Structure formats: C-alpha cells, structure tokens
Amino acid sequence: MDAAARAASEAAVEAYPRIVAALIRITGDWTLAEDSAQEALAVALGRWPSEGVPDNPGGWLMTVARNRALDVLRRATVERRKLRELAVLALTAATEEEPQEEVVDDRLRLIFTCCHPALALEARVALTLRTICAVPAGDIARAFLVSESTMTRRLTRAKTKISEAGIPYRVPEGAALGERLPGVLAVLYLLFTQGYNADGEPAFAEEAIRLARLLTGLMPEQPEAAGLLALFLLQHSRRDVRRDPEGRLVPLDRQDRTRWDHLAIHEATDILSRLGHPGPYALQARIAACHATAPTLEATDWPLIARCYDELVRLQPNPVIELNRAVAHGYAFGPEAGLALLAELRSGGALGDYPLLVAAEADLTARAGDRERAAVLFRRAAESTHSESERLALLARAADL
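For the sequence shown, our numbering assigns the number 10 to the initial residue and increments by one for each residue that follows.
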C-alpha cells in the first residue's frame, strides 16, 4: 500500500464515524451521511496520490463529505432550514477541526443509536459494523452466514426503523444512561466474540477493541466500559498463538506465552489497577489477567479466579458463567470439586449437551485419573460442536488420552 492509500485508510478509521455522525445529526438522513463519507474517501484515493496528502486528512474528508451532502440536498430541493445549515458548514476550512465537545457528542450519539434496544441484537451488531466501523456489507454478510443482498436489506430495515419509530439520536442521561449502557457494551462484547471465536473474523475483534477504546475515552467515568476494554485486550493478546501453522487451535496450556502481546497485557492490567469495585466485565478481565500474567497454567492463581467467578455468578447468573466457575473450582480445589458443580449444572438442564460442558467434564475427568472415560467425553463433545476447529482440537485431546 502506497503512502496516499495508507493515509486515506488511517484517516477513514479515525474520521469516518465522526463524519457520518455529524451529517446524520444535521440532515437526519442516515443513507446520505454514509454515502457522502464513502464518496469523500473515494475522492481522497483518487487525488491524494498526485496532489499529496493534506496536513489534516480528517478535516479534508469532512469538508468533501459536507459538500457532497450539500449538492445532493440542493438537487433534491429539500427543506430550506437544513440547506442553510449545511451551507454554513460547507464554508468551514478543510483544516478546521470540529469543536471537541461536538465531536464527542456526535460519536456517542451514533454508538447509542446503532445499539438501540428497539433493534434486534443482530441488527445492532451489523449496523455498528457498517456505520461506525465502515465494514463492507459483504464482509458482514459472510460473518452472519447470509448473502450480501440479505444483509443489505437488513441494514436498510434497521435504518428505516430508526427513522419511522422516531428513535432519538442522542445519548441518554441520568438513570436512562445506566439502563442503556449495558446494552451498548453487550453489542461490543458480541462483536468481539464474533471475531475471537475459533472460526470467527479476526478483524471484527480488532474493531471491537477500537470501539471499546473510543467509548472509554468518551465516557471515562464509566468503569464497565474500561473493564470491557481491558477484557478485550487480554483475550486478544493471545491471538498470534491460538493456532498452529496448520490452523489448528492450540490449548492455553500449550501456547508459547513469550509470544503473547505483553504490551496489551500491561495496558489492560494498568486499566484494571485504576478501577474500583468491579462489575461483570471488569471481573471477567481480572480472570483473564490471572491467566495472562501467570508463567504457566499450573502457576495460575486458580483460587482467585474461582472467587471472581463466585462473584460473577452472583452479579450475573448465567449457565455459561456457571460452567466456567465449575472449571475454575476444579483447578483451584481439585477435579472432584469441579465435577460436582458440573453435575449440579447438568441437572438443571439449561445447557443440555452443550459441547463446552461435555469438554469441561472430559478435562476434569482426565485430571481425576479416568483417562478412558475422558477420551469418550472428548469425542462426544467433538461430535456435537459446529466449529470445525473445535472439533479437530477435541479429537486431538481424545487421541492424546
């Protein structure tokens, strides 16, 4: 990639959501805002290689996008008030930055609008990827295993619902903020998971980290946003060693810990050191930090992890969290303790033959000394998983036994 293309790409990552957010606020037209921002990027890629990269790429892109929106509104002869507002904005010099408080407001408005609970969860994730991260609809479609035309229709329906339902383009205040923020964080968590899963799209995990970093910077008074960022950094620090050269998953106890991203681990632990009483995401981050800072699996502070899961189950009762708690207790207090908790969880019936439940039982059974039954359980887990990478890894564990 040449210097001009690289500058355009970097400017797009930084400026795109700001441009889209500002134009949505002004015009109320979601599609016009996105189209104008995309056209500005196309113009940059056409002109910067020959004319040079401007001193302020983001400001340059903002001005081109404003002018494009103004031209479209002129041709469409829309209401005079919006036209006057855009005309004033179009006079702003290309190098002039938006007032910082307005930038902050616009970007937060866009995040909270994309993540509004009136939209289906999948639509929130897709709209966040498309509008804030500028991910092409085709890439989003592949992640959700649908055609590009289907995903385009879903995105269009989501934008239409925002318009027709009168979903407010604003950041909630007071108690409403406390009610809505967990939903926003849940969308980012799902976005990260979509990229971190065994067969996921890694770029989505990176976008989730970028958005979590943005949200934390814009809302520094919200500790759970910081906790979520720390969790992402710690989990993603292992990205380069989670697979072997043939693409197979590498278990945590067999990963080369010297190749983990220790700068990301340091940043995350620094964030956690500044947080007070942890919420659910910060607790998960502290669990991940125990793994990230231990020299080996055996040297991990399993009693602390078990206590964190005890608190996490209290704050956020969830069968998957209870499954992880059972595994932690099995490593902290012996495999029999973990198997007893798994038996309680299985009797509740919430997870059925969930592959990771069977795999956890297999691992603890092996540690308890019954290798033959553990191998059977690993094979059973392999049969029920939908992930090819997980299937191969589980069969490898069975073969090892």
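We put the beta carbon where it would ideally sit given N, CA and C, even for glycine.
Treat the numbers as computed from the prediction; the structure is a model and nothing was measured.
- DSSP links L258 through a beta bridge to R252.
- In this structure V29 touches T140 by the C-beta definition: roughly 6 angstroms separates them, less than 8 angstroms.
- Check the Cα spacing between A152 and each of N206, Y198, A184 and L186: the tightest is with N206.
- The DSSP assignment places complete alpha helix (DSSP H) segments of no fewer than 4 residues inside the segment 23-78 at 39-60, in order along the chain.
- Annotation: the continuous alpha helix (DSSP H) that includes Q293 extends over P289 to A301.
- The Cβ atoms of V81 and L117 lie no closer than 8 angstroms to each other.
- Taking a contact to require three or more Cβ pairs closer than 8 angstroms, the segment 314-326 and the segment 268-283 do not qualify as touching.
- Annotation: A349 to L366 spans about 13 angstroms, alpha carbon to alpha carbon.
- Under the three-state reduction of DSSP, G361 is assigned to coil, being neither helix nor strand.
- Straight-line measurement puts the Cα of V259 at about 15 angstroms from the Cα of T305.
- Residue burial is scored here from C-beta neighbours: E392 has fewer than 16 other C-beta atoms within 10 angstroms and is therefore classed as exposed.
- Its Cα nearest to that of G236, the residue L197 stands out among L261, R56, F342 and L197.
- Counting along the chain, M160 sits inside the alpha helix (DSSP H) bounded by residues E157 to E173.
- R83 has its alpha-carbon roughly 14 angstroms from the corresponding atom of A74.
- Judged by beta-carbon spacing, R257 lies within the 8 angstroms limit of S398, meaning their Cβ atoms are closer than that value.
- Under a 10 Å Cβ-count criterion, S246 is classified as buried, with 16 or more other Cβ atoms of the shown protein chains found around its own Cβ.
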